[in-house]
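To convert a position in the sequence shown, counted from 1, into the numbering used here, add 429.
Note that beta-carbon positions come from the ideal geometry of N, C-alpha and C, so glycine has one too.
This structure is a prediction, so every number in the text was calculated from the model and none was measured.
For reference, the structure is listed below as structure tokens.
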Amino acid sequence: MLDPLLIAELAALGLATGFLAGLLGIGGGMLLVPFITFILGHRGVPADLAIKMAIATSMATIVFTSLSSVRAHHRRGAVRWDLVARLAPGIVLGAALAGAGVFRIVQGRWLALLFAGFVAFSATQMWRARAPSPGRGLPGPAGQLAAGGAIGFLSGLVGAGGGFISVPFMTWCNVAMHQAVATSAALGFPIALANVVGYVWSGAQVDGRPPGSLGYVFLPALAVVASASVLIAPVGVRVAHALPVAALKRVFALLLYGLAASMAYKAWSG
């Protein structure tokens with residue numbers, strides 16, 4: 430299934446997603462899921478399976494891109510490791526539930542519609558750019574555990590690194606935008622790792638998968654996209670720290686609107 434043109438397309442996709450991972454603290458699933466769905470569908474993979482494999486492969490790339498981008502953010506002192514420690518346990522539990530259980534039984538169309546709805550909501554919250562209440566802070570340990578569980582679960586269903594939920598959540602709680610982006614990048618690793626284990630396990634016996642598949646993960650796309658993404662992610666980090674906060678929020682919102690429209694169209698037409 431790999432030819433030189435496909436390798437070039439996947440490499441370009443990887444460069445774009447790696448840049449976004451560093452710039453906005455997201456895993457790049459907004460580009461990967463629609464494009465990998467198209468690539469697999471064009472090569473004869475059934476539509477429902479193609480969407481699930483695109484989501485799983487997108488999440489697998491985040492294992493690598495999150496490490497690259499978080500190193501660059503950490504060097505600038507922007508990662509709130511205290512938040513990572515409190516949100517990560519819930520994230521792992523939510524991701525495991527989504528990747529190993531719910532993901533297999535839900536139809537691809539419903540996954541795409543769910544993706545579009547939550548992303549559009551997050552984009553609207555970010556675009557409105559309302560200043561949070563000055564007295565609002567992060568919830569207590571139980572609240573952060575629940576928030577982490579929701580981030581991990583929803584991310585596992587839609588193949589995103591969680592930035593489309595965690596960044597608006599943290600900024601709503603008066604975490605500075607650049608810290609929210611950097612912390613979201615750090616949270617991407619436990620989200621991705623827990624979900625990928627679930628995708629591999631739940632997809633191991635599914636029929637119709639193309640050669641080179643490990644569970645729901647399409648390994649050729651993972652190898653090319655992840656390699657390109659890791660190289661370019663630090664460039665996105667440098668750009669993120671050079672942009673004003675308001676501009677960063679608007680860029681984030683526009684990209685999320687594009688993602689929501691793409692996935693809603695795919696679900697509606699499919």
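Assigned exposure category for residue i - 16 Cβ within 10 Å defines buried
i: H471; result: exposed
i: G451; result: buried
i: L683; result: exposed
i: P570; result: exposed
i: A437; result: exposed
i: G637; result: exposed
i: A609; result: buried
i: L434; result: exposed
i: P597; result: buried
i: G506; result: exposed
i: A485; result: buried
i: A671; result: exposed
Residue j beta carbon less than 8 angstroms from that of residue i
i: P568; j: A579; result: no
i: A615; j: T490; result: no
i: V659; j: S497; result: yes
i: V492; j: F618; result: yes
i: S642; j: S613; result: no
i: A701; j: F582; result: With the chain covering only 430 through 699, there is no way to say anything about residue 701.
i: A476; j: A689; result: no
i: F464; j: L442; result: yes
i: A541; j: I480; result: yes
i: L478; j: V635; result: yes
Cβ separation of residue i and residue j, assumed to be a contact under 8 angstroms, to the nearest whole Å
i: V508; j: A611; result: 5 angstroms
i: G632; j: G585; result: No, G632 and G585 are not in contact; Cβ-Cβ is about 13 angstroms, not under 8 angstroms.
i: L574; j: P518; result: 6 angstroms
i: A445; j: A545; result: Their Cβ separation, rounded to whole angstroms, is 20 angstroms, which puts A445 and A545 out of contact at 8 angstroms.
i: V462; j: A483; result: 5 angstroms
Range covered by the alpha helix (DSSP H) that runs through residue i
i: P649; result: 648-671
i: P518; result: 510-526
i: R504; result: 476-504
8 angstroms Cβ cutoff, residue i in contact with chain B
i: A517; result: The structure shown contains no chain B; it holds only a single protein chain.
Considering only residues of the segment 565-590, which uninterrupted beta strand (DSSP E) runs meet the minimum length of 3 residues and lie entirely inside it, listed in chain order? Taking only runs of at least 3 residues, no beta strand (DSSP E) segment lies wholly in the segment 565-590.
Could you give the uninterrupted runs of the alpha helix (DSSP H) lying entirely in the segment 593-634, keeping only those of 4 residues or more? Listed in chain order, the complete alpha helix (DSSP H) runs (minimum 4 residues) inside the segment 593-634 are 606-631.
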